[in-house]
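Report on the structure given below.
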Amino acid sequence: MACRGSCSRTIRWQGSSRRSTPFGRMPTWTPWRWQQGRRYAASMALPGRRRRRTARGSLMESSIIKLILLVAALLFLAPLAYVLKRPVAWVRPLVLIVLAIVIVALHYFLVQYSVNAQNTLSLLNGIVLLITAIAAAAAFSPATCLSFLQKLAMVLSYPAVLYALVIYLTGNGFDYEGKFTGFTENSNIMGGYLALLMFPAVLQGFLNAKSGWSRLAPGLLTVLIVLLVFATASRASLLSILAGVAFVALLSPSLARKYRLMIILGVMVAPLFLTSFFQKNEDLALFGSRAQLYVLRFEAISESPWLGWGLAADVNNTYDRFNIFPPQEKGNTILQMLEEFGIVLGTIFTLAITLAIVSIGRRLARMRATIWVPTFLVAAWVHSMFETWMFNFQSMVAIFFWLTFIWAAFHARWLKQGTAPNTGMTASS
Numbered sequence: 130m131a132c133r134g135s136c137s138r139t140i141r142w143q144g145s146s147r148r149s150t151p152f153g154r155m156p157t158w159t160p161w162r163w164q165q166g167r168r169y170a171a172s173m174a175l176p177g178r179r180r181r182r183t184a185r186g187s188l189m190e191s192s193i194i195k196l197i198l199l200v201a202a203l204l205f206l207a208p209l210a211y212v213l214k215r216p217v218a219w220v221r222p223l224v225l226i227v228l229a230i231v232i233v234a235l236h237y238f239l240v241q242y243s244v245n246a247q248n249t250l251s252l253l254n255g256i257v258l259l260i261t262a263i264a265a266a267a268a269f270s271p272a273t274c275l276s277f278l279q280k281l282a283m284v285l286s287y288p289a290v291l292y293a294l295v296i297y298l299t300g301n302g303f304d305y306e307g308k309f310t311g312f313t314e315n316s317n318i319m320g321g322y323l324a325l326l327m328f329p330a331v332l333q334g335f336l337n338a339k340s341g342w343s344r345l346a347p348g349l350l351t352v353l354i355v356l357l358v359f360a361t362a363s364r365a366s367l368l369s370i371l372a373g374v375a376f377v378a379l380l381s382p383s384l385a386r387k388y389r390l391m392i393i394l395g396v397m398v399a400p401l402f403l404t405s406f407f408q409k410n411e412d413l414a415l416f417g418s419r420a421q422l423y424v425l426r427f428e429a430i431s432e433s434p435w436l437g438w439g440l441a442a443d444v445n446n447t448y449d450r451f452n453i454f455p456p457q458e459k460g461n462t463i464l465q466m467l468e469e470f471g472i473v474l475g476t477i478f479t480l481a482i483t484l485a486i487v488s489i490g491r492r493l494a495r496m497r498a499t500i501w502v503p504t505f506l507v508a509a510w511v512h513s514m515f516e517t518w519m520f521n522f523q524s525m526v527a528i529f530f531w532l533t534f535i536w537a538a539f540h541a542r543w544l545k546q547g548t549a550p551n552t553g554m555t556a557s558s
């Protein structure tokens, strides 16, 4: 463990030698990576250190604001849930969620390598978020919460997509590689917003429309979202959409709904044969741009395999003024869990999330009103194989994921035991 202090904030591929990695022998430093890093640093207005301090300060302020909003929501929902006293039929998922919160909190304070205000605030955001989700489910029923979340995401998608379209048509919002960044910092974030926060909710509206005219607006918006995802050249975002749609198409009992989903899937797969789409990052393979991050993850896991380094630990990360990766970018959520929670806890969390998503998806994909839930959960899990937002509880995508995950788990449990309260929906509807 002597390297814990010296491993932090280092760039592991400086030099000109080659090293053995799980991906074969690869150079630890390349002219392309150095040149791209210099371009990235030059594109930022502030110097490296000052830019990082400014970004951290704004992130802290944003986290505090989100925490205040979550606490306010909790103070409103908790008394309401107590007064209404709705019957609770989801004891098992509730116990598992509370147990996971306790384990993560204890692990953070007992094992954490980098306990600081930012990480503690992120953990506190996560705890308050999960408790708020439980209180909302108890007050309004999980089905009502899921319906509200889908409608909110769909309504907000219209101005967001139109704004992004205006940026695209005016020739703004592109990085130096020609990838569309929209109103975000980089193309991967923009692709994630489109693929996860907007596409599933809009797809739900399109599939639920009863007539051709009512289907026109969500259908057009779905096409625009897909086109903007292609403009970002984010292969992770595109792959996540494909996985979510394919999962629901295979399990949907309605032939008409299945045909529509397969048409959408076919339209999205067709452009994959256009080789120009893959000409990004100098034709690196799908995992090529993240290979360096994976090497660092394996090194960190090997140095502390059983206990891990703690939630959001900054050991073996790669941010620097000559580096294109943002702080805490680790490239893969499973490797992140193995690194931060250790092999035992990391494996348990990975299997638990995977099995829960599959179980929830199989039950809710058969229902007309909840098509978007398995589409989103499967897409988010696939997307997390390339990004590490899931345990960043200050992220909008993480907040949306955990709210959907918890409410869907409760709703699926209710359906398994009979009829969901206040909805009239059964497992066969």
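When we follow my numbering, the leftmost residue of the sequence shown carries the number 130, and every step to the right adds one. Each residue gets a CB set at the ideal place from its N, CA and C atoms; glycine is no exception. What you are looking at is a predicted structure, and each value in this text was computed from that prediction instead of being measured.
Is residue i helix, strand or coil by DSSP?
| i | result |
| --- | --- |
| PHE303 | strand |
| PHE478 | helix |
| ALA309 | Going by the sequence as given, residue 309 is Phe instead of Ala. Strand. |
| PRO434 | coil |
| GLY460 | coil |
| PHE335 | helix |
| ASN248 | helix |
| ARG497 | helix |
| GLN421 | helix |
| LEU440 | coil |
| GLU190 | helix |
| ALA509 | helix |
| GLN523 | coil |
| GLN279 | helix |
| PHE515 | coil |
| GLN465 | helix |
| ASN254 | helix |
| GLU314 | coil |
| SER381 | coil |
| SER369 | helix |
| ALA330 | helix |
| ALA362 | coil |
| SER286 | helix |
| SER270 | coil |
| SER488 | helix |
| SER343 | helix |
| ASP412 | Summary for ASP412: the model assigns pLDDT 46, below 50, so the residue's position carries little reliability; its value from the coordinates is reported in the next sentence. In this structure, ASP412 counts as helix in the three-state DSSP scheme. |
When you compare each of the options to residue i by their alpha carbons, which one comes out closest?
| i | options | result |
| --- | --- | --- |
| ARG419 | ALA442, VAL377, ARG364 | ARG364 |
| TYR237 | ILE500, ARG542, ALA441 | ALA441 |
| VAL240 | THR499, ILE482, PRO434, PRO503 | PRO434 |
| ARG542 | LEU198, SER270, ALA210, VAL227 | SER270 |
| GLN465 | GLU432, TYR423, VAL502 | TYR423 |
| LEU206 | LEU336, SER431, VAL257, LEU253 | VAL257 |
| ASP304 | SER316, LEU493, VAL295, GLY439 | SER316 |
| ILE489 | LEU506, ARG344, GLN421, ARG497 | LEU506 |
| LEU203 | PHE309, ALA267, THR299 | ALA267 |
| LEU484 | PHE534, LEU285, GLY437, HIS512 | PHE534 |
| ASN248 | THR476, ILE193, ALA498 | ILE193 |
| TRP531 | GLU190, ALA210, ILE263, LEU228 | ILE263 |
| LYS195 | PHE427, ASN254, ALA498 | ASN254 |
| VAL233 | GLY475, ARG492, ARG497, PHE312 | GLY475 |
Exposed or buried, residue i, counting other C-beta atoms within 10 Å across all chains shown (16 or more means buried)?
| i | result |
| --- | --- |
| LEU225 | exposed |
| GLU314 | exposed |
| ARG178 | The pLDDT assigned to ARG178 is 40, lower than 50, so where the model puts this residue is not dependable, and the model offers no usable value. |
| ILE197 | exposed |
| ALA265 | buried |
| LEU353 | buried |
| TRP510 | buried |
| GLY307 | exposed |
| LYS280 | exposed |
| PRO208 | exposed |
| THR517 | buried |
| GLY300 | exposed |
| LEU544 | buried |
| VAL374 | buried |
| VAL290 | buried |
Are the CB atoms of residue j and residue i within a distance shorter than 7 Å?
| i | j | result |
| --- | --- | --- |
| GLU458 | ALA429 | no |
| ALA293 | LEU357 | yes |
| LEU350 | VAL331 | yes |
| PHE539 | SER251 | no |
| ARG495 | PRO382 | yes |
| ALA537 | VAL502 | yes |
| PRO288 | THR504 | no |
| MET519 | ASN461 | no |
| ILE230 | LEU336 | no |
| THR273 | LEU199 | no |
| GLY471 | GLY439 | no |
| MET327 | SER286 | yes |
- Between the segment 346-365 and the segment 319-330, do three or more beta carbon pairs fall short of 8 Å? yes
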